[in-house]
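Residues in the sequence shown are numbered consecutively from 1, following the UniProt record's numbering.
Beta carbons are placed, not taken as given, at the ideal position from N, Cα and C, and that holds for glycine.
Keep in mind the model is a prediction, meaning the values are calculated, not measured.
So the structure is just underneath, and the comments pick up after that.
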Amino acid sequence: MRQVPLEFLALHMAAANGHLNIIEYLIGRGVDLNAFNEEKNTPLHWACLNGHLEVVKKLILAGANVSVLNSYEKTPMDEAASRGKMDIIDAINEAVAQVELTGIRVS
């Protein structure tokens, strides 16, 4: 993983704004799903914070780390919980279970 300012990360912006089509394109181009900004937020943190359910699912199924901590020592799920986004928490649990069933390693 590398630290890059948020404004330079297309994946962060797409995740924060719920642009699933851009997320899919960038995943196809091999972007680093776990790159973080100056606050150590990953694209998954941003999708969870802003409640973008389909983006959360897509990132996890593509291999985003669900247990990474940001500079406030919060996981993406913690961030969803802090904003009362129970649908996101449920989606994280379901996506992780789906990934585990398919044999893909989840971080």
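- Scanning Val66, His52, Leu69 for the CA closest to the CA of Ile88 turns up His52.
- Sequence-distant Cβ neighbours of Glu79 in its own chain, meaning closer than 7 angstroms and more than five residues away, are His45, Cys48, Leu49.
- In this structure, the alpha-carbon of His12 lies about 10 angstroms from that of Asp32.
- Non-local C-beta neighbours of Leu69 in its own chain, meaning closer than 8 angstroms and more than five positions away in sequence, comprise Lys40, Thr75, ordered along the chain.
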